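Participant:
2 protein chains.
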Amino acid sequence: MNREVVLRLSKYRRLLQKFKILGLERVFSNNLGDALGVTPALVRKDFSNLKITGNKRGGYIIDELITSIDLILGKHNLREVVIVGCGKIGAALMQYKGLERDGIKIVAGFDLKPEKVFYKGEIPVLGLDDLENFIKKKQIKVGVISVPELAATAVFEKMINAGIIGFLNFSPVELKYNKDSQIFDNNNSYFINNINLSVEIENLFYYVNSKTDEFS
Amino acid sequence: MNREVVLRLSKYRRLLQKFKILGLERVFSNNLGDALGVTPALVRKDFSNLKITGNKRGGYIIDELITSIDLILGKHNLREVVIVGCGKIGAALMQYKGLERDGIKIVAGFDLKPEKVFYKGEIPVLGLDDLENFIKKKQIKVGVISVPELAATAVFEKMINAGIIGFLNFSPVELKYNKDSQIFDNNNSYFINNINLSVEIENLFYYVNSKTDEFS
Numbered sequence: 001m002n003r004e005v006v007l008r009l010s011k012y013r014r015l016l017q018k019f020k021i022l023g024l025e026r027v028f029s030n031n032l033g034d035a036l037g038v039t040p041a042l043v044r045k046d047f048s049n050l051k052i053t054g055n056k057r058g059g060y061i062i063d064e065l066i067t068s069i070d071l072i073l074g075k076h077n078l079r080e081v082v083i084v085g086c087g088k089i090g091a092a093l094m095q096y097k098g099l100e101r102d103g104i105k106i107v108a109g110f111d112l113k114p115e116k117v118f119y120k121g122e123i124p125v126l127g128l129d130d131l132e133n134f135i136k137k138k139q140i141k142v143g144v145i146s147v148p149e150l151a152a153t154a155v156f157e158k159m160i161n162a163g164i165i166g167f168l169n170f171s172p173v174e175l176k177y178n179k180d181s182q183i184f185d186n187n188n189s190y191f192i193n194n195i196n197l198s199v200e201i202e203n204l205f206y207y208v209n210s211k212t213d214e215f216s
Numbered sequence: 001m002n003r004e005v006v007l008r009l010s011k012y013r014r015l016l017q018k019f020k021i022l023g024l025e026r027v028f029s030n031n032l033g034d035a036l037g038v039t040p041a042l043v044r045k046d047f048s049n050l051k052i053t054g055n056k057r058g059g060y061i062i063d064e065l066i067t068s069i070d071l072i073l074g075k076h077n078l079r080e081v082v083i084v085g086c087g088k089i090g091a092a093l094m095q096y097k098g099l100e101r102d103g104i105k106i107v108a109g110f111d112l113k114p115e116k117v118f119y120k121g122e123i124p125v126l127g128l129d130d131l132e133n134f135i136k137k138k139q140i141k142v143g144v145i146s147v148p149e150l151a152a153t154a155v156f157e158k159m160i161n162a163g164i165i166g167f168l169n170f171s172p173v174e175l176k177y178n179k180d181s182q183i184f185d186n187n188n189s190y191f192i193n194n195i196n197l198s199v200e201i202e203n204l205f206y207y208v209n210s211k212t213d214e215f216s
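Protein chains in written order, with the working numbering: chain A, 1 to 216; chain B, 1 to 216.
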């Protein structure tokens, strides 16, 4: 399934849970389309690809939709992640309640100098030396990278060797996995989601400037 | 130009600056492709679309590339942004040096309760009541939204009415602009980049789980 579809499923799932809390039992493709800014036809296509059927009059039954989506997204699995780099961004994520509400548990933070990390909360902050043992023992598969640029590649390799296969990378380095590299002694494939905050903001400026130019 | 191309240009720009600092004068499509995990052919296509030509032996001249990309991305413009919502995520962005290094200046933070904001730094933290005047006076066009879910839509409308047209949204609500809405008294179009941290991490779990299932 391509990334866009998977992202939409996550978003449908979040919305359905909220509709349910509000007391709804059924939902129409128009409701979901409106809320996410996509066409109702796309919503119906997503669901029909998953063999979920609704009907024109009654719409979709919310509980059935949630169950079907959970089966696909693996919501039944425990979602434990580690954060490597407990500076500004890393510590903010560790304190951000939104992840916990969505069933994502940060089990540990790692830092080169754990004693200097400002975060004071319940999540343990450990040194980078403990990373490999911890991840292997707890069988963590997903990690967030929020270290400075110069440390990113080394941390990435360390995490791969410890068994992480899914990465959310906030460092400004575009991380990628080189299959021909001799660094990694396995045949795994990796899922890397690079979010470069400067690039995201620059992107907005490009559109804003191109629009402003139109009128000047 | 589509979003993917614009994002790549930003990334080329960042890399070229670094190559330059290292003393390089020329660069090959293979260098850029390797660093970003794309094919050299795509790099060449991006540049040829921009009427930038290199040659097989000598590659591209870095200074010329930077100048050409800057013209397109509008790097010459001042990049001032505001952050609305100075909680964990907002405050982390305000303290994050990476943005400043890339020429993005956060000129103010806004919060419902500015007196309770933990951030202590040089960027002024103002109340939401000051938002409209400030943005209009300074002619800010790009803003980051990092408020809780329930406040997101109201803040979005407030920012639109103040003149913001580019949005980076970290709140868990999928913000979108409804052209038929009566709320907005203008005919502008808006650029909204929604980053939902839970959805990004869920997405990794989907791939990780589907991969783990393969072998079980």
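Don't be surprised by glycine CBs; every beta carbon is placed ideally from N, CA and C. What you are looking at is a predicted structure, and each value in this text was computed from that prediction instead of being measured.
1. Less than 8 Å between CB atoms is the rule here; does B:Asp111 satisfy it with respect to chain A?
2. Going along the chain, which residues of its own chain have a beta-carbon closer than 6 Å to the beta-carbon of A:Leu65, five neighbours each way excluded?
3. Taking the runs of the beta strand (DSSP E) that are 3 residues or longer, which of them lie wholly in the segment 144 to 174 of chain A?
4. For A:Ile123, which option in A:Ile135, A:Leu7 and A:Ile106 has the closest C-alpha, if you only look at C-alpha atoms?
5. Roughly how many angstroms lie between the CA atoms of B:Leu131 and B:Asn161, to the nearest whole one?
6. Could you name the residues of the same chain whose beta carbon sits closer than 7 Å to that of A:Val125, not counting the 5 residues immediately before and after it, in chain order?
7. In its own chain, which residues sit with a C-beta less than 7 Å from the C-beta of A:Leu50, not counting the 5 before and 5 after it?
8. Helix, strand or coil for A:Ser216? Go by DSSP, reduced to three states.
9. So the candidates are B:Ile195, B:Gly98, B:Val147 and B:Leu168; which of them puts its Cα closest to the Cα of A:Tyr207?
10. For a test of the three-state rule: what should DSSP assign to A:Arg79, helix, strand or coil?
11. Mind listing, in chain order, the continuous alpha helix (DSSP H) runs of no fewer than 4 residues lying wholly within the segment 21 to 94 of chain A?
12. Below 8 Å CB to CB, which residues in the same chain sit around A:Ser198 once its five sequence neighbours on both sides are set aside?
13. Please name the residues in the segment 29 to 54 of chain B whose beta-carbon is closer than 8 Å to at least one beta-carbon of chain A, in chain order.
14. I'd like to know whether the C-beta of A:Leu168 is nearer than 8 Å to at least one C-beta of chain B.
15. Would you please verify whether the beta carbon of A:Pro172 is less than 8 Å from any beta carbon of chain B?
16. For the segment 89 to 105 of chain B, list every residue whose C-beta sits within 9 Å of some C-beta in chain A, in sequence order.
17. Beta-carbon within less than 8 Å of A:Gln182's beta-carbon, same chain only, minus the 5 sequence neighbours each way: which residues are those?
18. Which residue comes first and which comes last in the alpha helix (DSSP H) that contains A:Ile135?
19. Of all Cβ atoms in chain A, is any one closer than 8 Å to the Cβ of B:Val6?
20. Going by beta carbon distance, what residues of the same chain come within less than 8 Å of B:Ala35, once the five residues before and after it are set aside?
21. Within 8 Å of any Cβ in chain A, is that where the Cβ of B:Lys120 sits?
22. Give the single residue among A:Asn203, A:Ile192 and A:Leu24 whose Cα lies nearest to the Cα of A:Gly143.
23. Let me know if B:Asp185 comes out buried or exposed under the rule of 16 or more other beta-carbons within 10 Å of its beta-carbon.
24. Since I believe B:Ile52 is in contact with B:Phe170 (beta carbons under 8 Å), could you give me their beta-carbon distance rounded to a whole number of angstroms?
25. Do B:Asn209 and A:Gly74 have their C-beta atoms within less than 8 Å of each other?
26. In whole angstroms, what separates the C-alpha of A:Arg26 from that of B:Leu7?
27. What is the C-beta distance between A:Ile83 and A:Leu99, in whole angstroms, given that I count them as a contact (C-beta under 8 Å)?
28. Under 7 Å Cβ to Cβ from A:Gly121, same chain only, skipping five residues before and after it: list those, please.
29. For B:Gly163 versus B:Ile135, is the C-beta spacing smaller than 8 Å?
30. Whole angstroms is fine: what's the gap from B:Ser10's alpha carbon to B:Asp46's?
31. If you follow the alpha helix (DSSP H) that B:Gly98 is part of, which residue opens it and which one closes it?
32. I need the DSSP call for A:Ile123, collapsed to helix, strand or coil.
33. Could you tell me the distance, in whole angstroms, from the CA atom of B:Asn30 to the CA atom of B:Lys18?
34. Under 8 Å Cβ-Cβ, which residues of chain A neighbour B:Asn193?
35. The beta strand (DSSP E) with A:Ile106 in it runs from where to where?
Facilitator: In brief:
1. no
2. Leu16
3. 166 to 169
4. A:Ile106
5. 10 Å
6. Cys86, Gly109, Asp111, Pro114, Val117 and Tyr119
7. Ser68 and Ile72
8. Its pLDDT being 45, under 50, A:Ser216 is placed unreliably by the model, and the measurement read from it follows with that caveat. If DSSP states are grouped into helix, strand and coil, A:Ser216 belongs with coil.
9. B:Leu168
10. strand
11. 29 to 36, 40 to 49 and 62 to 73
12. Pro172
13. Ala35, Leu36 and Gly37
14. yes
15. yes
16. Ile89, Gly90, Ala91, Ala92, Leu93, Met94, Gln95, Tyr96, Lys97, Gly98, Leu99, Arg101, Asp102, Gly103 and Ile104
17. Note that A:Gln182 scores a pLDDT of 49, beneath 50, so its modelled location is shaky; the value from the coordinates is reported in the next line. Around A:Gln182: no qualifying Cβ.
18. Leu131 to Lys138
19. yes
20. Leu15
21. no
22. A:Ile192
23. Any reading at B:Asp185 is ruled out, since the residue's pLDDT is 48, under 50, leaving its predicted position unreliable.
24. Going by Cβ atoms, the distance from B:Phe170 to B:Ile52 rounds to 34 Å, so no, they are not a contact pair.
25. yes
26. 39 Å
27. Between A:Leu99 and A:Ile83 the Cβ distance is about 10 Å, and since that is not below 8 Å, they are no contact.
28. Met94 and Gln95
29. yes
30. 12 Å
31. Lys97 to Arg101
32. coil
33. 16 Å
34. Glu200, Asn203 and Leu204
35. Ile104 to Asp111
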